[in-house]
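Protein chains: 2
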Amino acid sequence: MEKRLKPMDAEQLREYGHKMVDFIADYYKTIENFPVLSQVEPGYLRNLLPDSAPNQPDSFQHVLDDIQAKILPGVTHWQSPNYFAYYPSNSSVAGFLGEMLSAGLNIVGFSWITSPAATELEMIVLDWLAKMLKLPEDFLSAGQGGGVIQGTASEAVLVVLLAARDKALRRVGKGALEKLVVYASDQTHSALQKACQIAGIHPENCRLLKANSSTNYALSPELLSETISQDLAIGLIPFFLCATVGTTSSTAVDPLLALGKFAKSNEMWFHVDAAYAGSACICPEFRHYIDGVEEADSFNMNAHKWFLTNFDCSALWVKDRSALVQALSTNPEFLKNKASQANMVVDYKDWQIPLGRRFRSLKLWMVLRLYGLENLQCYIRSHIKLAKHFEDLVAQDTRFEVVTPRIFSLVCFRLLPPPNDEYHGNKLNHELLDAVNSTGNVFVSHTVLSGKYILRFAVGAPLTEEKHVNAAWKVLQDKATALLGESLR
Amino acid sequence: MEKRLKPMDAEQLREYGHKMVDFIADYYKTIENFPVLSQVEPGYLRNLLPDSAPNQPDSFQHVLDDIQAKILPGVTHWQSPNYFAYYPSNSSVAGFLGEMLSAGLNIVGFSWITSPAATELEMIVLDWLAKMLKLPEDFLSAGQGGGVIQGTASEAVLVVLLAARDKALRRVGKGALEKLVVYASDQTHSALQKACQIAGIHPENCRLLKANSSTNYALSPELLSETISQDLAIGLIPFFLCATVGTTSSTAVDPLLALGKFAKSNEMWFHVDAAYAGSACICPEFRHYIDGVEEADSFNMNAHKWFLTNFDCSALWVKDRSALVQALSTNPEFLKNKASQANMVVDYKDWQIPLGRRFRSLKLWMVLRLYGLENLQCYIRSHIKLAKHFEDLVAQDTRFEVVTPRIFSLVCFRLLPPPNDEYHGNKLNHELLDAVNSTGNVFVSHTVLSGKYILRFAVGAPLTEEKHVNAAWKVLQDKATALLGESLR
């Protein structure tokens with residue numbers, strides 16, 4: 001007779017859970033021993049694992065051994081102090097504990113009734129965070145607005161685009177989908193274009209207006225105004241404007257106040273994407289970057305980037321939650337319940353794409369409680385200080401240039417190209433990137449601005465200290481010396 | 001001088017992590033002490049928490065105390081053995097450990113390079129699971145198809161609808177969006193209608209065909225065929241058919257083989273939603289319910305429902321991954337890298353709505369390895385056996401009826417209405433539901449089929465044993481006796 005499987009045995013959870021905690025704590029202790037960018041070749045894992053699932057159970061120790069031997073070599077270590085690529089994806093003790101508890105309770109909080117605490121804690125902590133950011137009161141849950149945790153900024157921009165689309169179509173008639181126009185700078189995250197594609201916005205009506213070095217890659221209100229006028233003249237319907245505070249390529253900051261005025265006078269939905277830089281705005285000295293947010297209909301900030309809340313946790317606020325609900329609500333019989341039918345509660349299923357949702361507010365709540373506002377401000381400032389330090393290092397080496405002014409914790413820089421030879425300059429910087437990343441000692445990513453290939457050095461991993469910034473700079477300098485030496489030969 | 005915040009201190013993670021593991025293990029030990037459906041009133045938490053985030057850190061013990069005193073009363077305990085509502089949302093030791101590790105590594109696996117192991121393990125375990133389900137080879141990653149983990153079945157149906165929409169528009173011309181028609185039964189999950197709304201499908205072109213008791217609420221191929229013919233005759237373009245194996249209301253099974261033939265002969269995308277019942281199909285005796293899946297373009301099964309993988313983990317397979325990628329791909333400069341540009345790897349960002357994604361394959365891999373196929377089959381069978389037992393109990397009480405034939409682990413039943421009085425019958429069953437759920441001893445949900453208000457008893461929580469089913473039935477009988485007594489008075 002075989003024993004019946006007990007998949008949720010509390011004592012086994014305790015025993016294995018303790019082992020896994022130790023495994024993860026040990027991982028963090030030794031994280032600098034791994035190449036920060038995984039150096040495996042495509043397909044490496046297929047050769048290490050069997051072709052099919054086992055018939056019989058395997059031991060937990062075997063699985064842990066395989067994680068060490070087979071999985072970790074294929075991991076790019078976003079939590080390494082030597083990680084400076086893209087934007088950070090913070091892990092913290094508080095965020096980790098929140099995730100653990102959320103996985104332990106494993107509730108699915110689509111409607112209030114399916115776990116009232118999940119909905120209510122989310123409303124409360126997003127009010128807390130809105131106050132830390134000094135967002136206008138309209139974004140708080142006490143009025144017509146409120147906050148919601150989305151998975152990512154991509155989902156945030158999609159849901160508000162859908163709300164705006166349906167609101168506009170209610171105004172101008174359902175047949176007008178082909179006439180709706182979206183505006184943003186060409187520095188806006190690709191998520192906007194994807195959202196337009198999903199929402200059926202005519203591809204030619206997604207206007208990504210050119211931003212250049214004259215505005216530090218911010219969207220020009222004059223250019224926006226001209227474009228809107230031209231579109232109106234040919235019968236198109238402007239309905240959505242997306243501004244960014246801290247673009248992905250170079251942390252450009254669009255001028256919210258000027259842009260918001262245009263949006264309002266043209267009855268457009270105004271969305272502000274502060275996915276990365278929003279976190280900095282809890283510090284009084286950086287808050288001015290979102291001045292003008294009072295003009296916005298929606299505001300988004302990723303707590304999972306630079307705010308110590310483990311992925312995923314993208315905070316979205318709207319002033320008019322009914323617009324979201326009108327675009328995204330479903331009300332099948334099998335989900336009806338007294339509290340929802342009586343309109344006494346928020347059902348977050350109607351604020352998002354999926355039905356099911358995890359108890360993500362726990363981790364954000366634990367980050368806010370276990371660290372507190374002042375520590376979080378210091379945390380942001382320490383990274384900005386480190387980025388400034390790196391910027392100074394680059395500026396002192398005449399072979400390099402800082403390409404755009406540093407605003408937050410990202411430095412955009414490059415090796416200067418040979419005179420009048422941008423082509424070889426780009427090739428050189430691409431080679432520098434590859435050379436640096438293949439050492440495994442540092443991970444840096446790149447972008448292209450006005451045709452220039454540029455390296456991005458984003459400070460923001462929780463373990464990063466000055467010594468790591470210095471060591472990274474040393475790797476960059478050494479590889480630059482080697483490359484320049486070769487190119488001279 | 002203040003001490004610098006160390007948000008990722010390995011020894012603090014160890015210490016607090018162990019405490020949290022014990023907290024969660026203790027929760028499972030005492031889970032039956034809580035009312036399974038939370039009995040709090042709307043707004044309860046607002047009064048228990050402060051208005052704003054703290055300036056200074058709070059202690060971990062305080063937070064744990066608050067979770068116990070303030071959060072848990074507002075939790076509806078999906079993991080309670082007395083949970084029989086909606087469909088289950090399984091937690092297991094293996095699934096929990098996988099979530100913990102995923103949160104610990106905290107990588108963001110949008111492109112292969114951002115953690116090769118995340119992409120490759122996902123491809124491998126979805127191949128494993130496809131083989132366990134005996135899906136056609138076209139769904140495996142070796143050919144043109146492959147599997148991907150979505151958050152939920154809602155996202156799964158949305159991404160394939162978008163792929164199908166754009167594929168159809170490439171064929172018939174971009175201006176034809178208004179002519180595209182979607183087909184499914186009216187028992188299909190509301191996620192389909194929401195996906196249509198998002199994708200800009202004309203609301204009147206989302207055909208939810210009536211299913212009734214004559215087919216046990218399955219979609220009739222004849223009705224489908226007629227409707228398609230009528231639509232073709234007026235110049236509309238059928239492009240998407242969604243069949244369900246195990247509908248949400250009553251586990252109805254649409255006839256895949258017959259439906260698939262119509263889809264194919266009309267060049268429609270054929271999606272099979274087996275979100276709940278797919279898990280059962282790893283047992284040879286239940287596999288026949290997805291016979292005909294070879295006709296499908298896409299197939300979806302939620303490992304987070306009844307397959308011991310903590311939420312969220314929705315497995316989606318497609319035969320033509322390029323259709324997904326064409327609909328959902330973006331390629332901004334800042335994400336370009338050698339492996340992606342050379343087309344040597346899969347970048348899952350192009351198979352889903354969001355950009356970022358968690359390392360969710362870890363938990364599915366750990367479930368498959370720590371339990372093995374045979375245990376998982378036994379697990380499914382044990383729940384189906386318990387549901388059959390409940391069905392027998394209901395059948396023995398002449399005051400009740402089983403409304404639709406039980407197929408998997410859901411029993412649809414009700415108190416028989418007074419003669420010729422469906423209205424009061426519905427009222428009675430609604431009252432029975434409220435009475436039962438307000439005891440806190442059991443949580444059952446409802447649906448409506450052909451105008452009848454019906455109770456749904458879904459077995460599937462990992463801790464549920466026969467004694468819990470018996471106890472639940474006792475509560476139902478007692479409350480029925482009380483209600484019927486009152487109505488006689």
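Note that the protein sequences, when read in sequence, are chains A and B. Sequential numbering of the first sequence, starting at 1, is according to UniProt numbering. Sequential numbering of the second sequence, starting at 1, is according to UniProt numbering. Backbone N, C-alpha and C fix where the C-beta goes; we use that ideal spot for every residue, glycine too.
Spatial distance of residue i from residue j (CA atoms)
{"i": "Pro354(A)", "j": "Thr215(A)", "result": "38 Å"}
{"i": "Leu5(A)", "j": "Asn375(B)", "result": "6 Å"}
{"i": "residue 533(B)", "j": "Gln230(B)", "result": "Because chain B spans 1 through 489 in this model, residue 533(B) falls outside it and cannot be assessed."}
{"i": "Glu434(A)", "j": "Glu122(B)", "result": "The sequence shown places Asp at residue 434(A), not Glu. Cα to Cα, Asp434(A) sits roughly 27 Å from Glu122(B)."}
{"i": "Leu484(B)", "j": "Ala199(B)", "result": "48 Å"}
{"i": "Ala10(A)", "j": "Phe110(A)", "result": "26 Å"}
{"i": "Ala315(A)", "j": "Asn426(A)", "result": "37 Å"}
{"i": "Glu41(B)", "j": "Arg357(A)", "result": "21 Å"}
{"i": "Ser438(B)", "j": "Ser38(B)", "result": "9 Å"}
{"i": "Glu2(B)", "j": "Arg46(B)", "result": "Unreliable placement is indicated for Glu2(B), whose pLDDT of 47 sits below 50; the coordinate value is still reported in the next sentence. Rounded to the nearest angstrom, the two C-alpha atoms are 32 Å apart."}
{"i": "Glu431(B)", "j": "Lys19(A)", "result": "48 Å"}
{"i": "Glu204(B)", "j": "Thr330(A)", "result": "16 Å"}
{"i": "Ile282(A)", "j": "Val125(B)", "result": "42 Å"}
{"i": "Leu140(A)", "j": "Ala461(B)", "result": "37 Å"}
{"i": "Ser361(B)", "j": "Arg360(A)", "result": "19 Å"}
{"i": "Ser450(B)", "j": "Gly17(B)", "result": "51 Å"}
{"i": "Pro57(B)", "j": "Cys313(B)", "result": "34 Å"}
Residue-level contact to chain A via CB, residue i, 9 Å cutoff
{"i": "residue 510(B)", "result": "Here chain B has residues from 1 to 489 only, and residue 510(B) is not among them."}
{"i": "Ala280(B)", "result": "no"}
{"i": "Ala327(B)", "result": "yes"}
{"i": "Gly17(B)", "result": "yes"}
{"i": "Glu137(B)", "result": "no"}
{"i": "Gln79(B)", "result": "yes"}
{"i": "Met190(B)", "result": "For clarity, residue 190(B) is Ser in the given sequence; the question names Met instead. Yes, Ser190(B) lies at the interface with chain A (some Cβ there is under 9 Å from its Cβ)."}
{"i": "Ser38(B)", "result": "yes"}
{"i": "Gln68(B)", "result": "no"}
{"i": "Gly460(B)", "result": "no"}
{"i": "His304(B)", "result": "yes"}
{"i": "Gly235(B)", "result": "no"}
Residue i vs residue j beta-carbon contact at 9 Å
{"i": "Leu162(A)", "j": "Leu180(A)", "result": "no"}
{"i": "Gly246(B)", "j": "Ala296(B)", "result": "no"}
{"i": "Phe119(A)", "j": "Val318(A)", "result": "The identity of residue 119(A) in the sequence shown is Thr, whereas the question assumes Phe. No. Outside cutoff."}
{"i": "Ile149(A)", "j": "Gln79(A)", "result": "no"}
{"i": "residue 554(B)", "j": "Cys412(B)", "result": "Only positions 1 to 489 of chain B appear in the structure, and residue 554(B) is not among them; the question remains open."}
{"i": "Leu192(B)", "j": "Asp273(B)", "result": "yes"}
{"i": "Asn82(B)", "j": "Phe443(B)", "result": "yes"}
{"i": "Leu232(B)", "j": "Leu219(B)", "result": "no"}
{"i": "residue 491(B)", "j": "Leu393(B)", "result": "With chain B represented from 1 up to 489, any question about residue 491(B) goes unanswered, as that position is not in the structure."}
Contact with chain B by residue i, beta-carbon distance below 9 Å
{"i": "Leu410(A)", "result": "no"}
{"i": "Thr114(A)", "result": "yes"}
{"i": "Ile290(A)", "result": "no"}
{"i": "Met20(A)", "result": "yes"}
{"i": "Lys336(A)", "result": "yes"}
{"i": "Pro35(A)", "result": "no"}
Assigned exposure category for residue i - 16 Cβ within 10 Å defines buried
{"i": "Ala195(A)", "result": "buried"}
{"i": "Gln187(B)", "result": "buried"}
{"i": "Arg14(B)", "result": "buried"}
{"i": "His446(B)", "result": "buried"}
- Message: Taking beta-carbon pairs under 9 Å, can you tell me which members of the region 365-388 of chain A lie near chain B?
- Response: Trp365, Met366, Val367, Leu368, Arg369, Leu370, Tyr371, Gly372, Leu373, Glu374, Asn375, Leu376, Cys378, Tyr379, Ser382
- For the region 338-355 of chain B, enumerate the residues whose C-beta is nearer than 8 Å to any C-beta of chain A, in chain order. Lys338, Ala339, Met344, Val345, Ile353, Pro354, Leu355
- Query: Listed from N- to C-terminal order along the chain, which residues in the region 46-66 of chain B have their beta-carbon within a distance smaller than 7 Å of any beta-carbon of chain A?
  - Reply: Arg46, Leu49, Ser52, Ala53, Pro54, Asn55, Gln56, Pro57, Asp58, Phe60, Val63
- Task: Taking only beta carbons into account, state which residues of the region 254-286 of chain B come closer than 9 Å to chain A, listed in chain order.
- Result: none
- Message: Residues of the region 314-325 of chain A in Cβ contact with chain B at a cutoff of 7 Å, in chain order, please.
- Response: none
- Task: Please name the residues in the region 398-426 of chain B whose beta-carbon is closer than 7 Å to at least one beta-carbon of chain A, in chain order.
- Result: none
- Message: To be precise: take each residue of the region 85-109 of chain B, compare its Cβ to all Cβ atoms of chain A, and keep it if any distance is under 9 Å. Which residues remain?
- Response: Ala85, Tyr86, Ser89, Asn90, Ser91, Ser92, Val93, Ala94, Gly95, Phe96, Leu97, Gly98, Glu99, Met100, Leu101, Ser102, Ala103, Gly104, Leu105, Asn106, Ile107, Val108, Gly109
- Message: If the cut-off is 8 Å on Cβ atoms, which residues from the region 239-251 of chain B count as contacting chain A, listed in chain order?
- Response: Thr248, Ser249
- For the region 206-235 of chain B, which residues have a beta carbon sitting closer than 7 Å to at least one beta carbon of chain A? none
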